[in-house]
Amino acid sequence: MNVFGLLDKLLRLLGKSAFFFLIGILVIYFCFAAFLYTATWLWPDFYGSYNLGNNIYMLEWDGGGKIIVNGTRIKGNTCYGGEPLIPTNENQYDSLGHFAEYVIEAKANNNWIIVRTNNHMNNQRKYYILDKRYNPNNTPVEDIINTKIEQYSDSSEFAKKCSIHQIDIKW
9 MNVFGLLDKL
19 LRLLGKSAFF
29 FLIGILVIYF
39 CFAAFLYTAT
49 WLWPDFYGSY
59 NLGNNIYMLE
69 WDGGGKIIVN
79 GTRIKGNTCY
89 GGEPLIPTNE
99 NQYDSLGHFA
109 EYVIEAKANN
119 NWIIVRTNNH
129 MNNQRKYYIL
139 DKRYNPNNTP
149 VEDIINTKIE
159 QYSDSSEFAK
169 KCSIHQIDIK
179 W
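In terms of the numbering used here, the sequence shown is residues 9 to 179.
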């Protein structure tokens, strides 16, 4: 048997194997890319983005906390960032840059968003009611924070205000 003929057959076999291996890698890559693209439209919670309505989103941050934002970086149905509403920048971080106040839970209907937060430094809970009845395109974030958000540290006052506005507070 000719050594060069055997070597030629081996290289052809390896060439076909390498070709099919590369095709397999490309198919996997395109399937994964298609999944990530469709996830921005169909499953925004895969990215930690929860639409609460009126361009307001609850986002899960890498540091383990959640925050309510007025969405500014939106692709598909997924929000990747925005201007903080709850907690505000002043209350969100401690002196070391760690999360101080973070959202535990949020619930929304057509007109209202209710939010429960916790401060890990003093273990204090706060409750917020956000009125969504405004035009998100014409209302600056400062006006939303100052006029549309009510903050409570007492859960009974919060529950009383929710009953006045007929907001279901079953978490």
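Every residue gets a Cβ at the ideal spot worked out from N, C-alpha and C, and that includes glycine.
Keep in mind that this is a model prediction, so the values were computed, not measured.
DSSP-derived helix/strand/coil call for residue i
i      : result
LYS169 : helix
ALA41  : helix
THR155 : helix
TYR142 : coil
THR125 : strand
GLY84  : coil
SER161 : coil
GLY13  : helix
ILE36  : helix
HIS120 : The question names His, but residue 120 is Trp in the sequence shown. Reduced to three states, the DSSP call for TRP120 is strand.
ILE137 : strand
ASN92  : In the sequence as displayed, the identity of residue 92 is Pro instead of Asn. DSSP places PRO92 in strand when its eight states are reduced to three.
GLY79  : strand
LYS74  : strand
PRO148 : coil
ASP53  : helix
Option in the options with minimal Cα separation from residue i
i      : options                        : result
VAL111 : THR125, TYR135, MET129         : THR125
VAL123 : GLN132, LEU138, ASN130, ASN131 : LEU138
ILE64  : LEU22, LEU93, MET129, GLY72    : LEU93
LYS156 : TYR55, ASN143, TYR37, LEU30    : ASN143
VAL149 : ALA114, SER163, SER161, ASN62  : ASN62
GLU158 : HIS128, ILE121, THR147         : ILE121
TYR53  : ALA42, TRP69, CYS39            : The residue you asked about is not Tyr; residue 53 is Asp in the sequence shown. Looking at the Cα atoms, TRP69 is the closest of the given residues.
TYR58  : ALA167, TYR37, TYR45, ILE82    : ILE82
ASP163 : GLN174, TYR135, SER171         : Per the sequence shown, the amino acid found at residue 163 is Ser instead of Asp. Closest option to SER163, Cα to Cα, is TYR135.
Nearest-angstrom Cα separation, counted from residue j out to residue i
i      : j      : result
LEU50  : ASN85  : 7 Å
GLY73  : LEU18  : 56 Å
THR80  : GLY89  : 6 Å
LEU67  : ALA47  : 16 Å
PHE28  : ARG20  : 12 Å
PHE40  : ALA26  : 21 Å
ASN78  : GLY23  : 54 Å
VAL35  : ASN146 : 45 Å
ILE152 : LYS140 : 9 Å
ILE31  : ALA42  : 16 Å
PRO95  : ASN131 : 15 Å
ASN117 : ILE33  : 45 Å
TYR45  : ILE75  : 24 Å
SER161 : PHE38  : 50 Å
ASP176 : CYS170 : 7 Å
ILE172 : PHE166 : 10 Å
Residue(s) in a DSSP beta bridge with residue i
i      : result
ASN59  : TYR65
LYS115 : ILE122
GLN132 : ASN127
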